[in-house]
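In my numbering, the protein residues as written are 10 to 174.
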Amino acid sequence: MMNIVLLEPEIPQNTGNIGRTCVATDTCLHLIEPLGFRLSEKEVKKAGLDYWPKLKVITYTSFRDFLEKNPGANIYMATTKAHKVYTEVSYKDNDFIMFGKESAGIPEEILVENEDNCIRIPMWGDTRSLNLSNSVAIVLYEALRQNGFEKMNTEGSLHRLEWSK
């Protein structure tokens with residue numbers, strides 16, 4: 010199982026969307042406080058639809074609390090400041106992929122201690138960043154692809170009609 014970590018997320022709709030993606034991929038969501046909202050807010054539930062009750066979510070009081078409760082975790086840190094592109098690493102089952110808050114990202118004090126595990130999504134020109142929930146989906150699905158979409162449904166079917174052979 011992969012793990013998504015949100016460090017101090019600020020926008021409830023993003024966290025709701027990310028929660029829905031985590032349910033669809035059997036990924037655990039780790040939330041590091043302070044949160045910019047309450048998990049009970051309707052915006053979180055609306056974005057997460059009826060998937061939210063199925064979400065594996067763990068909250069932590071601080072980044073230190075997260076590290077203490079996940080000793081030895083392999084954590085990739087998504088940041089626009091990284092040298093490495095997210096496709097250049099080999100993701101393993103049980104890896105953690107961390108994203109910072111929408112307004113500021115992961116603090117540089119954390120990044121400089123983890124330079125080798127910092128990853129970035131390439132962007133055109135002087136674009137500052139992508140939406141948080143889009144960034145999570147991009148990196149998470151690459152990690153899942155590298156692991157063969159293990160235990161995921163990779164075949165679709167029509168509701169009323171059938172595909173031609």
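For every residue, glycine included, the Cβ atom is placed at its ideal position computed from N, Cα and C.
Here the structure is a predicted model, which is why all the values come from computation and not from measurement.
Asked, Found
"Per DSSP, what kind of secondary structure is T30 in: helix, strand or coil?", "helix"
"Since L38 sits in a beta bridge, which residues does DSSP pair it with?", "I13, V66"
"Between the segment 87-98 and the segment 23-42, do at least 3 Cβ pairs fall closer than 8 Å?", "no"
"Would you report the Cα separation of W172 and N162, rounded to the nearest angstrom?", "17 Å"
"Output needed for T88: all residues of its chain with C-beta closer than 8 Å, excluding positions within five of it in sequence on either side, in chain order.", "G109, G114, I115, L120, C127, I128, R129"
"Looking at K78: is its Cβ nearer than 8 Å to the Cβ of C37?", "no"
"Taking 6 Å as the limit between beta carbons, can you name the residues of its chain near N83, skipping five residues before and five after?", "D104"
"Quickly, what does DSSP pair M86 with across the bridge? List them, please.", "M107, C127"
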